[in-house]
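*Asks:* Residue numbers (the numbering used here), protein chains in the order written: chain A, 3 to 466; chain B, 509 to 606. We put the CB at the ideal spot given by N, CA and C, even for glycine.
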């Protein structure tokens, strides 16, 4: 032992190469050691749920920063890093994820995207919500603005998933979950969507409630377009039910005598009250236009197009709104079609015959009151009469053979007079018209069938 | 410690061998050794450094380099001791024969 102590005095020259060796070891080993420790620390934290995790290694000291979701989780994460072999010190810069009070989560939908915002309790629930949103909204961009926070109410995930399902039913709007109170606003995508959302909200997890549901139903739209080129009337949009649907299409068939009715209507709930009472006269007004569009949006009726002559335009502008039920608005945008070129009386007669061959002027049964459905036909007759200003026209009434002949005679005269009055009211000079009734004396078809009788009940225009 | 030895056994072996060689040479080397006074100071320095390493007061990379240096130096000293003892044993065994 003494020798060892004596010899040790001569060991110092080896210190010089030792220092070089030490320096080399330090030079080459530091970076790999740090990388190895960083990797081992990361592996040790693999199963721990943390946010904003950052690991920095200097020598054998690990600086560990992260946000944990509970105090136990935080302590166990620090302990796991501390237990990594080779780690000398852990600089603990971990903290708890901030607590949100109130805990607010929201989903907002606009034209292009759905934005999820507010707080989410865990990274797993955040990604679950994002995935669910992408799956439910198929193709719509989903943007993630959620941050993480503690303090979520129980069963948060279930509630949020249910609300995401509702955002899919909105056209635009926002759903906010504040603690366990739900607030909804915006507009439903489809008619009935608002009711569907309200029904679905009944399935919210226990403890959750709806604070405000301001989801609006989309406007109830009905549209009719009269196309003079294709000679069609296209109906699109909604009707309240199948009965109203059938009634509306039948009314359109009566009013539009020469147009083919293209029916693209769908039955849906949510119609404003008095829907049929407003739409039927509006269709009547549309039938009087040469070309036009009728748009019924909730309780607003917009009619645009060209009337056949000035008086018709004035009548439609002033008259249609009065026929509507209370609370309905009428916005006419009626212009007048340029007057067609004058024609000679022969052509005029031909035009009258063509028109009256397609449809007949109809009256209340047994009376001389013209039915409103005939307004479109009468407007065309008036337009034609305006094109031959020099021709005198005889308005001739006929009936079928039912009933007593004197009564029929009187009825045919009254009906012819009613038509003449209508023409004069529309601005035509009274002296151009004479009204004549022939009762049932000039049938054009047999009076033994209903069809034949219907053909015989007629008004003819004869140019003199 | 176990981690360091497995990670850097090459460098540690190097310092052990360096120590063996130095110990081997030191027996037959002529010249001044380190004085007693110096030894005391050096021992005190070693104690301070070991204490610093154990108490982990030196932070980061410097702390690691200190640890590394101390382990390597301990092995160097072990090498020196074994080398000196072996050389002394060889010398003393061959001396009577000569």
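For the alpha helix (DSSP H) holding residue 247(A), just list the boundary residues, first then last.
*Replies:* By one-based count along the first chain, residue 247(A) stands at place 245. 244 to 257 is the span of the alpha helix (DSSP H), which, as asked, contains residue 247(A).
*Asks:* State yes or no: is the beta carbon of residue 589(B) nearer than 7 Å to at least one beta carbon in chain A?
*Replies:* As a first step, residue 589(B) must be located in the second chain, where it is residue number 81. By this cut-off, residue 589(B) is an interface position.
*Asks:* Should the region 237 to 244 of chain A be regarded as contacting the region 338 to 345 of chain A, the criterion being three or more beta carbon pairs within less than 8 Å?
*Replies:* No, they do not touch.
*Asks:* Which full runs of the alpha helix (DSSP H) of 4+ residues lie inside the region 300 to 335 of chain A, going along the chain?
*Replies:* Within the region 300 to 335 of chain A, the complete alpha helix (DSSP H) runs of at least 4 residues are 312 to 325.
*Asks:* Relative to the C-alpha of residue 475(A), which candidate in 61(A), 14(A) and 17(A) has its C-alpha closest?
*Replies:* The structure shown does not extend to residue 475(A), since chain A is modelled only from 3 through 466, so no value can be given for it.
*Asks:* Using DSSP bridges, identify the partner residues of residue 455(A).
*Replies:* Against the first chain, residue 455(A) aligns to sequence position 453. Note: residue 455(A) sits in no beta bridge, so no partner.
*Asks:* Is there a Cβ of chain B sitting closer than 7 Å to that of residue 62(A), yes or no?
*Replies:* Taking the first residue of the first chain as 1, we reach residue 62(A) at position 60. So, interface residue.
*Asks:* Residue 563(B) versus chain A: which residues are under 7 Å apart at the beta carbon?
*Replies:* Residue numbering aside, residue 563(B) sits at position 55 when the second chain is read from its first letter. Under the 7 Å cutoff, chain A gives no residues; its nearest Cβ is about 11 Å from residue 563(B).
*Asks:* Checking 7 Å against the spacing of the C-beta atoms, do residue 104(A) and residue 158(A) come in under that value?
*Replies:* For this step, residue 104(A) is matched to residue 102 along the first chain. For this step, residue 158(A) is matched to residue 156 along the first chain. Taking 7 Å as the Cβ cut-off, residue 104(A) and residue 158(A) do not qualify as a contacting pair.
*Asks:* In the DSSP assignment, the alpha helix (DSSP H) including residue 416(A) goes from what residue to what residue?
*Replies:* Within the first chain, the letter at position 414 stands for residue 416(A). Run containing residue 416(A): 407 to 427, per the alpha helix (DSSP H) assignment.
*Asks:* According to DSSP, simplified to helix, strand and coil, what is residue 56(A)?
*Replies:* Taking the first residue of the first chain as 1, we reach residue 56(A) at position 54. In this structure, residue 56(A) counts as strand in the three-state DSSP scheme.
*Asks:* Taking only three categories from DSSP, how would you classify residue 2(A)?
*Replies:* There is no way to answer for residue 2(A), as the model of chain A reaches only from 3 to 466.
*Asks:* Would you mind working out which of 533(B), 567(B) and 517(B) sits nearest residue 599(B), comparing C-alpha positions?
*Replies:* Taking the first residue of the second chain as position 1, residue 599(B) is located at position 91. Taking only the C-alpha atoms, the option nearest residue 599(B) is 533(B).
*Asks:* Near residue 170(A), which residues of its chain fall below 6 Å by C-beta distance, leaving aside the five closest residues on each side in sequence?
*Replies:* Here residue 170(A) is taken as the residue at index 168 of the first chain, counted from 1. For residue 170(A), where only same-chain residues beyond five positions count, the Cβ hits under 6 Å are 138 and 139.
*Asks:* Using CA atoms only, rank isn't needed, just tell me which of 45(A), 183(A) and 228(A) is closest to residue 309(A).
*Replies:* As a first step, residue 309(A) is located in the first chain; it is residue number 307 there, counting from the start. Selected option, being the one with the closest Cα: 228(A).
*Asks:* Interface residues of chain A around residue 598(B) at Cβ under 8 Å?
*Replies:* Against the second chain, residue 598(B) aligns to sequence position 90. Within chain A, no residue comes near residue 598(B); the closest Cβ sits about 14 Å away, beyond 8 Å.
*Asks:* Restricting to Cα atoms, I'd like to know which of 177(A), 197(A) and 245(A) is closest to residue 213(A).
*Replies:* The residue given as residue 213(A) occupies position 211 in the first chain. It is 177(A).
*Asks:* Helix or strand or just coil, what does DSSP make of residue 66(A)?
*Replies:* The sequence position of residue 66(A) within the first chain is 64, counting from 1. Reduced to three states, the DSSP call for residue 66(A) is strand.
*Asks:* Report the three-state DSSP secondary structure of residue 605(B) (helix, strand or coil).
*Replies:* For the purposes of this step, residue 605(B) is identified with residue 97 of the second chain, where counting begins at 1. Because residue 605(B) carries a pLDDT of 48, less than 50, the predicted location of this residue cannot be relied on, and the following value inherits that uncertainty. Here residue 605(B) sits in helix by DSSP.
*Asks:* Output needed in chain order: residues of the region 515 to 537 of chain B with a Cβ under 9 Å from some Cβ in chain A.
*Replies:* Per Cβ criterion, the list reads 515, 516, 518, 519, 520, 522, 523, 526, 527, 529, 530, 531, 533, 534, 535 and 537.
*Asks:* Flag residue 601(B) as yes if its beta-carbon sits less than 7 Å from any beta-carbon of chain A, otherwise no.
*Replies:* Start at 1 with the first residue of the second chain, and residue 601(B) comes out as number 93. No, residue 601(B) lies away from the interface with chain A (no Cβ there is under 7 Å from its Cβ).
*Asks:* Could you check if residue 519(B) is buried or exposed, using at least 16 other CB atoms within 10 Å of its CB as the buried criterion?
*Replies:* Sequence index remark: in the second chain, residue 519(B) carries index 11 (1-based). Its Cβ being crowded by 16 or more others within 10 Å, residue 519(B) is buried.
*Asks:* According to DSSP, is residue 369(A) helix, strand or coil?
*Replies:* As a working note, residue 369(A) is residue 367 in the first chain. The answer is coil: DSSP assigns residue 369(A) none of H, G, I, E or B.
*Asks:* Taking beta-carbon pairs under 7 Å, can you tell me which members of the region 23 to 46 of chain A lie near chain B?
*Replies:* Residues passing the 7 Å Cβ filter: 23, 24, 27, 28, 31, 32 and 35.
*Asks:* May I ask you to list the residues that DSSP assigns as paired with residue 106(A)?
*Replies:* Indexing the first chain from 1 puts residue 106(A) at position 104. In the DSSP output, where bridge partners are listed per residue, residue 106(A) has 180(A).
*Asks:* Using a Cβ-Cβ cut-off of less than 8 Å, list which residues of the region 569 to 584 of chain B approach chain A; keep chain order.
*Replies:* Within the region 569 to 584 of chain B, the residues whose Cβ lies closer than 8 Å to some Cβ of chain A are 569, 570, 571, 572, 573, 575, 576, 577, 580, 581 and 584, listed in chain order.
*Asks:* Verify the CB distance criterion: does residue 542(B) have a CB-CB separation below 7 Å to chain A?
*Replies:* Taking the first residue of the second chain as 1, we reach residue 542(B) at position 34. Cβ-Cβ to chain A under 7 Å: yes for residue 542(B).
*Asks:* Smallest Cα separation from residue 485(A): which of 155(A), 185(A), 259(A) and 198(A)?
*Replies:* Here chain A covers residues 3 to 466 and nothing more, so residue 485(A) does not appear.
*Asks:* Tell me which residues share the same chain as residue 199(A) and place their Cβ nearer than 8 Å to its Cβ, disregarding the 5 neighbours each side in the sequence.
*Replies:* Along the first chain, one-based indexing puts residue 199(A) at 197. Excluding positions up to five away in sequence, the list reads 168, 171, 172, 186, 190, 215 and 217.
*Asks:* Thinking just about the alpha-carbon of each residue, which of 251(A), 78(A) and 40(A) is nearest to the one in residue 236(A)?
*Replies:* For the purposes of this step, residue 236(A) is taken as the residue at position 234 of the first chain. Ranking 251(A), 78(A) and 40(A) by Cα distance to residue 236(A) puts 251(A) first.
*Asks:* From residue 567(B) to residue 210(A), what distance separates their C-alpha atoms?
*Replies:* Taking the second chain and counting its residues from 1, one reaches residue 567(B) at position 59. Taking the first chain and counting its residues from 1, one reaches residue 210(A) at position 208. When rounded, the distance between both Cα atoms is 52 Å.
*Asks:* Which whole-angstrom value describes the C-beta separation of residue 479(A) and residue 526(B), a residue pair presumed to lie in contact below a C-beta threshold of 8 Å?
*Replies:* Residue 479(A) lies beyond the stretch modelled for chain A, which goes from 3 to 466, so this question has no answer here.
*Asks:* Quick check on the DSSP output: the alpha helix (DSSP H) that includes residue 545(B) runs from which residue to which?
*Replies:* Stepping through the second chain from its first residue, residue 545(B) is reached at position 37. Start and end: 544 to 563.
*Asks:* Bridge partners of residue 224(A), per DSSP?
*Replies:* Locating residue 224(A) in the first chain gives position 222, counting from the first residue. DSSP output for residue 224(A) lists 239(A) and 298(A) as bridge partner(s).
*Asks:* Exposed or buried, residue 205(A), counting other C-beta atoms within 10 Å across all chains shown (16 or more means buried)?
*Replies:* Along the first chain, read from residue 1 onward, the residue named residue 205(A) stands at position 203. Residue 205(A) is exposed by the Cβ-count criterion.
*Asks:* Would you mind stating whether residue 311(A) and residue 272(A) have Cβ atoms separated by less than 7 Å?
*Replies:* Residue numbering aside, residue 311(A) sits at position 309 when the first chain is read from its first letter. Residue numbering aside, residue 272(A) sits at position 270 when the first chain is read from its first letter. Cβ atoms of residue 311(A) and residue 272(A): not closer than 7 Å.
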